[in-house]
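J.:
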Amino acid sequence: MVTAAAVYAYAMRARIAPHLRALGFQGSGQRYELPREKAWAQLGFQKSRGNTARSVRFTVNLSVIGKAAWERAREEASWLPGRPNPNVHHGSRGEMVRIGLLLPSGSDVWWGFEAGEGSVEELAEPCATDVCTAITDCAVPHLHRALAALP
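Each residue of the sequence shown is one higher than the one before, counting from 1 in the UniProt record's numbering.
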C-alpha cells in the first residue's frame, strides 16, 4: 500500500513543483515565490495538523507583501524573518488569502491524498491536476493583480 504522505510528496515533486516553475515560480517544499524586485509574491502549501499515514490534506495560501513595507515592519519587530512566510498572516503588512476564496465556490478548500493500492502516479493525478488548474486559473491572476495594486 502507498501511504498518503508518499502520494503527497510525489505530487509536489513530480507534478505541482514543475508546473509552478513553468509559471515562473522559484522555490521548493512548501514555499514558492514569483521573483519580483519590489515585493514578495508567494504561494505556501499548508498541510493539515490532522494528517495521517492514510490521509494528507492541504491548502494553498497566497501572500503579497511589498519589500519596503516588510523591511519597515522588521525595523519595528526585529523577530520577523528576512522574508515573510506565506503560511503566516502578517496583519496589515501585506495581503494573505487562501486559494479557495478565489475559486468559483468562494469557500475554503482543502485538497487531499489518500493511501491506496496502485501506483503513486495514479493516486496523485486527479488531485494534482486540480491543484495545478486552480493555481493557473485563480492564484496567478490574483498575485498579478495584487502586485499591480502595490504602491
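The beta carbon of each residue, even a glycine, is placed where N, CA and C say it ideally should be. For clarity, every value in this text was computed on a predicted model and none was experimentally measured.
Counting pairs of Cβ atoms below 8 Å between the segment 75-92 and the segment 52-66, do you hit three or more?
T.: Yes, the segment 75-92 touches the segment 52-66.
J.: Residues in its own chain within less than 7 Å of residue 128 by CB, not counting five upstream and five downstream?
T.: Result list for residue 128: 11, 15 and 16, in chain order.
J.: Give me the Cα-Cα distance between residue 51 and residue 37, rounded to the nearest whole angstrom.
T.: Cα-Cα distance, rounded: 36 Å.
J.: According to DSSP, is residue 47 helix, strand or coil?
T.: In this structure, residue 47 counts as strand in the three-state DSSP scheme.
J.: Go to residue 33, then tell me how far its beta strand (DSSP E) extends in each direction, as first and last residue.
T.: First-last of the beta strand (DSSP E) with residue 33: 31-34.
J.: Taking just the CA atoms, how far does residue 58 sit from residue 121?
T.: Rounded to whole angstroms, residue 121 to residue 58 spans 18 Å at the Cα level.
J.: With DSSP as the reference, label residue 153 as helix, strand or coil.
T.: The requested residue 153 is not part of the displayed model; the chain covers only 1 to 151.
J.: According to DSSP, simplified to helix, strand and coil, what is residue 129?
T.: Note: residue 129 maps to helix in three-state DSSP.
J.: Tell me whether residue 3 is buried or exposed, calling it buried when 16 or more other Cβ atoms sit within 10 Å of its Cβ.
T.: With 16 or more other Cβ atoms within 10 Å, it is buried.
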